[in-house]
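In our numbering, the protein residues as written are 2 to 78. Where a beta carbon is used, it is the ideal one built from N, C-alpha and C, also for glycine. Structure record follows, encoded as structure tokens.
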Amino acid sequence: MQSGHEPVRPKWNCRECGLEWPCEYARRELTADFVRFPTSFAIYMAHCYSQALHDSPSLEALPPDLWTRFMGWLPRS
2 MQSGHEPVRP KWNCRECGLE WPCEYARREL TADFVRFPTS FAIYMAHCYS
52 QALHDSPSLE ALPPDLWTRF MGWLPRS
């Protein structure tokens with residue numbers, strides 16, 4: 002990603018627009034970047050999800066949509 006729509010830890014908001022990462026722009030860019038590598042894409046996003054879990058102060062305070070935010074939108078092959 003070269004657009005600046007990158008995650009800022011520990012809150013995982015977008016550096017460029019401030020929305021929850023991956024924002025819509027980041028999703029489009031990531032999809033294009035990984036179009037030929039769907040397995041690598043899923044692994045990368047799973048790693049990001051794992052890091053977001055690690056950054057959460059408490060597992061009881063996780064946003065209810067965290068899984069969907071990181072994994073639920075990925076293209077299905």
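For Phe71, the number of other beta carbons within 10 angstroms of its own is at least 16, and it is reported as buried. Spatial neighbours of Tyr26 in its own chain (CB-CB distance under 6 Å, excluding positions within 5 residues in sequence) are listed in chain order as His6. Counting only runs of 4 or more residues that sit fully inside the segment 5–29, no alpha helix (DSSP H) segment turns up. At the C-beta level, Asp56 and Pro23 stay beyond 8 Å of one another.
Contact between Thr32 and Pro65 fails: their C-beta atoms lie close to 24 Å from each other, not under 8 Å. Annotated as proximal: Trp74 and Arg28, with beta-carbon spacing under 8 Å.
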